[in-house]
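J.: So that we are looking at the same thing, I have put the structure below in structure tokens.
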Amino acid sequence: MYNLALIPGDGIGPEIIREGKKVIEAASKIYGIEINWIEYPFGAEHYLKTGELLPDSALKEIQDLDAIYFGAIGDPRVKPGILENEILLKIRFYFDQYINLRPIKLYTGVPCPLKDKKPEDINFYVVRENTEDFYVGIGGRFKARANQDHLEVLRKLYKAKIKVNFNLEQEEEMAYQIGLISKSGAQRVIKYAFELAKKEDMKRVTSVDKANVLTNIYGLWREVFTEVSAQYEDIETEFTFVDAITMWLVRKPEWFKVVVAPNMFGDIITDLGAMIQGGLGIAAGGNINPEGVSMFEPIHGSAPKYKGKSVANPTATILAGAMMLEFLGEIEVAKDIEDAVEKVLSEGKVRTQDLSGESSTEQVGDEIVKKLPKA
Ligand code: IPM
Ligand code: MN
Numbered sequence: 016m017y018n019l020a021l022i023p024g025d026g027i028g029p030e031i032i033r034e035g036k037k038v039i040e041a042a043s044k045i046y047g048i049e050i051n052w053i054e055y056p057f058g059a060e061h062y063l064k065t066g067e068l069l070p071d072s073a074l075k076e077i078q079d080l081d082a083i084y085f086g087a088i089g090d091p092r093v094k095p096g097i098l099e100n101e102i103l104l105k106i107r108f109y110f111d112q113y114i115n116l117r118p119i120k121l122y123t124g125v126p127c128p129l130k131d132k133k134p135e136d137i138n139f140y141v142v143r144e145n146t147e148d149f150y151v152g153i154g155g156r157f158k159a160r161a162n163q164d165h166l167e168v169l170r171k172l173y174k175a176k177i178k179v180n181f182n183l184e185q186e187e188e189m190a191y192q193i194g195l196i197s198k199s200g201a202q203r204v205i206k207y208a209f210e211l212a213k214k215e216d217m218k219r220v221t222s223v224d225k226a227n228v229l230t231n232i233y234g235l236w237r238e239v240f241t242e243v244s245a246q247y248e249d250i251e252t253e254f255t256f257v258d259a260i261t262m263w264l265v266r267k268p269e270w271f272k273v274v275v276a277p278n279m280f281g282d283i284i285t286d287l288g289a290m291i292q293g294g295l296g297i298a299a300g301g302n303i304n305p306e307g308v309s310m311f312e313p314i315h316g317s318a319p320k321y322k323g324k325s326v327a328n329p330t331a332t333i334l335a336g337a338m339m340l341e342f343l344g345e346i347e348v349a350k351d352i353e354d355a356v357e358k359v360l361s362e363g364k365v366r367t368q369d370l371s372g373e374s375s376t377e378q379v380g381d382e383i384v385k386k387l388p389k390a
């Protein structure tokens, strides 16, 4: 029996989570696994009604649960950044979910926007760092003479020989945001990437950075990568700059096996990854703390314009559910779900509009349930 937190969230979140839950329950039942869902209302609607985002009491409660199944967050009625920071990122940080594991896999039957690429050409993992880099939230906005604290920050920047294009005499508005990488933070995610490569028998780990410009943080990242890689002699390694990898992911995706990236670059390249695997409707991810509470979600957002229309593709959410079960140790159930998804995609009869079909969100969920092995 598992106790799972369920956070459907905003927009299409509730619709896709409903299908995910349906598939997880049907697949688990075959193996006699019981699931106790603890549903939370957090998201735009709850925030607008009550002013509450995500209280610490809920986080404390979730600490004792086995995992979190998450839909999507974001709503045009709420200023960007509030729900994202105070709900999604808060969970990632609170539970120290330092791995964001995003498999990029082109399933049979799914149209690929890249010419002549086949399922065997697009099958790799992005291991995105999930708690550091430009996501640490250090930053500010200010006007020149507005605030002594801000001047203090500027003085420190000058002292550290950080050049700022700024004239103290002038009342110009400024903003800054700082990226941070710690040695241990880089070590744990890079080690995870190598262990994953070892486990999956993938013989290449690619590091992503921008060490040619952001020499401090990504210089440290490279040093750690070099250090960790020394412990894995039979795994090939390489460094790529983030701009270059966006090109190679389009030109030669078959090259990649395990890609490890700092938080923000990992965010950006996985949207590209989702596209080459056939779209955001199929791309799943896990926010993982191997020793703690992890959270599984589709890579896509809340798609407010499709809310309540039952046109959203629930496949990414369903695959995220399979990742959750795998992470919980239910390897067979996870495999059954992925196989069922694969069958539905390769048959191509029941699919949502993003895959040029006409089926509803619910019909896709039902069809995947039908393809599960019989009890
Ligand atoms: C993602 C999203 C989030 C991120 C946002 C919604 C905070 O884009 O999960 O990729 O930037 O990590
Ligand atoms: Mn993103």
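Under our numbering, the first residue of the sequence shown carries the number 16, and numbering increases by one thereafter. From the three backbone atoms N, C-alpha and C, an ideal C-beta is built for every residue, glycine too.
What residue range is occupied by the uninterrupted alpha helix (DSSP H) comprising Tyr109?
T.: 105 to 109
J.: Kindly examine ligand 1 and report whether one of its heavy atoms sits closer than 8 angstroms to the Cβ of Glu99.
T.: Yes - ligand 1 has a heavy atom lying nearer than 8 angstroms to the Cβ of Glu99.
J.: From the DSSP output, in three-state form, read off Ile77 for me.
T.: helix
J.: Between the alpha carbons of Asp164 and Tyr113, how many angstroms are there, rounded?
T.: 31 angstroms
J.: Flag this pair as yes or no: are the beta carbons of Gly300 and Phe311 separated by less than 9 angstroms?
T.: yes
J.: Consider the C-beta atom of Asp286 and the heavy atoms of ligand 2; say whether any pair is separated by less than 8 angstroms.
T.: At least one heavy atom of ligand 2 is nearer than 8 angstroms to the Cβ of Asp286, so yes.
J.: Using only the alpha-carbon positions, how far apart do Glu377 and Gly296 sit?
T.: 14 angstroms
J.: Is any heavy atom of ligand 1 found at a distance shorter than 8 angstroms from the C-beta of Asp282?
T.: The answer is yes for Asp282.
J.: Of the choices Gly372, Leu166, Leu172, Lys174, whose alpha-carbon is the least far from that of Glu4?
T.: The first residue shown for the chain is 16 and the last is 390, placing residue 4 beyond what the model contains.
J.: Which whole runs of the beta strand (DSSP E) in the stretch 17 to 83 are 3 residues long or more, in chain order?
T.: 17 to 24, 50 to 54
J.: Closer than 6 angstroms by C-beta to Phe254: which residues in its own chain qualify, once you throw out the five before and the five after it? Chain order, please.
T.: Cβ within range, chain order: Ser222.
J.: May I ask you to report which of helix, strand or coil DSSP gives Asp164?
T.: Taken through DSSP and simplified to helix, strand or coil, Asp164 comes out as helix.
J.: Alpha helix (DSSP H) containing Ala259: first to last residue?
T.: 257 to 266
J.: Select from Gly28, Lys44, Val125 the residue whose C-alpha is nearest the C-alpha of Glu345.
T.: Lys44
J.: Would you check if the distance between the CB atom of Ile391 and the CB atom of Ala331 is smaller than 9 angstroms?
T.: No answer is possible for residue 391: it lies beyond the span of the chain, which begins at 16 and ends at 390.
J.: Once DSSP output is grouped into helix, strand and coil, what is the label at Thr221?
T.: The three-state reading of DSSP puts Thr221 in strand, counting E and B together.
J.: Would you grab the beta carbon distance between Val308 and Leu80 for me? Rounded to a whole angstrom, and I think it's under 8 angstroms.
T.: Rounded to the nearest angstrom, the Cβ distance from Val308 to Leu80 is 7 angstroms, consistent with a contact under 8 angstroms.
J.: At a cut-off of 8 angstroms, is Asn115 close to ligand 1 when judged by its beta-carbon and the heavy atoms of the ligand?
T.: yes
J.: With a CB to CB cut of under 8 angstroms and the five nearest residues on each side skipped, what residues in its chain are close to Glu362?
T.: Gly124
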